[in-house]
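Right, one structure below, let's go through it.
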Amino acid sequence: MRDGPNKGARPEAARAGFIQAPPFIEKRDPARRVGLWQQSDPPFRIQGGRNEETGALARTFRGESIHKVDAKGRVSIPAAFRRVIEENDPDWVKGASPNLVIVYGDARWNRLEGYHMAAIADVDARIARLPRGSKKRRYLETLFNGQSHPTAVDDTGRLVLPQKLRDKIGITDEAYFIATGDSFQIWEPAAYAARAAEIESWFADEGDDFDPLMLLDSDDPEED
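The structure is reproduced here in structure tokens:
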């Protein structure tokens, strides 16, 4: 006995020889749509520069710029510098002023060095491992603990450089900022230009084919 014309009828795709998978219904939050090229659960989430899974921070300053200094010593710092300072201050919360330490050094120093809190804590820990009373420890304690200025970035993104620090390095109406890894330097612009010329002269002596990355493989670092 033959079935009726509609009994057991197969979809067009099945009659054409295609294998159909059973319907799949995915339960997902309608507010969370993931593109076809995205992972639904990425390996980590980054928010505010912090890797939430590993706790990694952006510790390195990068870039250079010149900023105006007003009569009260207030100077804007590069926005990228401020983010690094915020992310490396364990006491910082959104809306607060992030802390840092400016080291001004002895009479030989012609620049200021700014350290975020994680970097200065690392320096302090390394100093503490030296023998108490040793010449090295006394010198480093004087430099990083005594000849330094704790400060903070205000809510407008500015630092206040005390008159003592401005006079020491000759800053009047402009300050030059340059990144140096986990710290940054502040110079009087003309003084830094002279310093930069010395560095460029050194590189020029190495020849056109010199690759600066070769310095990473050097076992005999030169003194500054």
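Note that my numbering numbers the sequence shown so that position 44 is 149, with each residue one more than the last.
Built from N, CA and C at the ideal position, the CB exists for glycine as well.
All figures in this text were calculated on a predicted structure; none of them were measured in a lab.
Of all the options Met222, Val265, Ile283 and His221, which has the alpha carbon lying nearest to the alpha carbon of Ala176?
For the purposes of this step, residue 176 is identified with residue 71 of the sequence shown, where counting begins at 1. Residue Val265 is the option with its Cα nearest to Ala176.
In terms of residue numbering, what span does the beta strand (DSSP E) encompassing Val208 cover?
Locating residue 208 in the sequence shown gives position 103, where the first residue counts as 1. Run containing Val208: Asn204 to Val208, per the beta strand (DSSP E) assignment.
Can you check DSSP and say which residues form a bridge with Ala223?
By one-based count along the sequence shown, residue 223 stands at place 118. Bridge partners of Ala223: none, in fact.
Any heavy atom of the ligand GDP closer than 7 angstroms to the beta-carbon of Met222?
As far as ligands go, the structure on display features none, and thus does not contain the ligand GDP.
Nearest to Asp229 by CA position, among Val208, Ala298 and Asp196, is which residue?
Here the question's residue 229 lines up with position 124 in the sequence shown. Of the candidates Val208, Ala298 and Asp196, the one whose C-alpha sits nearest the C-alpha of Asp229 is Val208.
Who does Leu318 pair with in a DSSP beta bridge?
Within the sequence shown, the letter at position 213 stands for residue 318. Answer is none; Leu318 lacks a bridge partner.
Do Val258 and Ile171 come within 8 angstroms of each other at the CB atom, strictly closer than that value?
By 1-based counting over the sequence shown, the position of residue 171 is 66. By 1-based counting over the sequence shown, the position of residue 258 is 153. Cβ atoms of Ile171 and Val258: not closer than 8 angstroms.
For Leu264, report the span of its beta strand (DSSP E) as first-last.
Here residue 264 refers to the residue found at position 159 when the sequence shown is read from its first residue. Looking at the DSSP string, the run of the beta strand (DSSP E) that includes Leu264 is Arg263 to Val265.
N-terminal and C-terminal residue of the beta strand (DSSP E) that Glu279 is part of:
Against the sequence shown, residue 279 aligns to sequence position 174. That run of the beta strand (DSSP E) goes Glu279 to Ala284.
Closest to Tyr281 by CA distance: which of Gly219, Arg213, Ala163 and Ser253 is it?
Along the sequence shown, one-based indexing puts residue 281 at 176. Minimum Cα distance to Tyr281 is reached at Gly219.
Length of the line joining the Cα atoms of Arg179 and Asp314:
To locate residue 179, count along the sequence shown from 1; it is residue 74. To locate residue 314, count along the sequence shown from 1; it is residue 209. In a straight line, the C-alpha of Arg179 is about 43 angstroms away from that of Asp314.
Going by DSSP in three states, Thr165 sits in which element: helix, strand or coil?
In the sequence shown, the residue the question calls residue 165 occupies position 60. Of the three classes helix, strand and coil, the one that applies to Thr165 here is coil, per DSSP.
Consult DSSP for Glu218 and reduce its assignment to one of helix, strand or coil.
Reading the sequence shown from its first residue, position 113 is the one you call residue 218. Glu218: strand per DSSP, three-state reduction.
Close beta carbons around Ala184, own chain, < 6 angstroms, minus the five adjacent residues each side
Taking the sequence shown and counting its residues from 1, the one referred to as residue 184 is at position 79. Excluding sequence neighbours, Ala184 sits near nothing in its chain.
Endpoints, beta strand (DSSP E) assigned at Ile291:
Sequence index remark: in the sequence shown, residue 291 carries index 186 (1-based). Element bounds for Ile291: Ser288 to Trp292.
Quick one: grab the DSSP three-state call for Ile171.
Walking along the sequence shown from the start, residue 171 turns up at place 66. Correct three-state label for Ile171: strand.
Quick check: Gly210 and Ala284, are their CB atoms within less than 8 angstroms of each other?
Residue mapping note: residue 210 aligns to position 105 of the sequence shown, counting from 1. Residue mapping note: residue 284 aligns to position 179 of the sequence shown, counting from 1. No, these two residues do not count as a Cβ contact at 8 angstroms.
Determine the burial state of Met222: buried for a count of at least 16 other Cβ atoms within 10 Å of its Cβ, exposed for fewer.
Within the sequence shown, residue 222 is the residue found at index 117, counting from 1. Buried, by the Cβ-count rule.
Can you tell me the Cα-Cα spacing of Arg300 and Ser306, whole angstroms?
In the sequence shown, the residue the question calls residue 300 occupies position 195. In the sequence shown, the residue the question calls residue 306 occupies position 201. Those two C-alpha atoms are separated by around 10 angstroms.
Residues bridged to Val180 by DSSP?
As a position in the sequence shown, residue 180 is number 75, starting the count at 1. According to DSSP, which records beta bridges pairwise, Val180 is partnered with Val174 and Leu264.
Output needed for Arg347: all residues of its chain with C-beta closer than 8 angstroms, excluding positions within five of it in sequence on either side, in chain order.
Outside the displayed span of the chain (106 to 329) sits residue 347, for which this structure offers no information.
Contact set for Val206: own chain, Cβ-Cβ below 6 angstroms, skip 5 residues either direction:
By 1-based counting over the sequence shown, the position of residue 206 is 101. Within the same chain, Val206 has close Cβ partners Tyr220, Ile225, Ser253 and Pro255.
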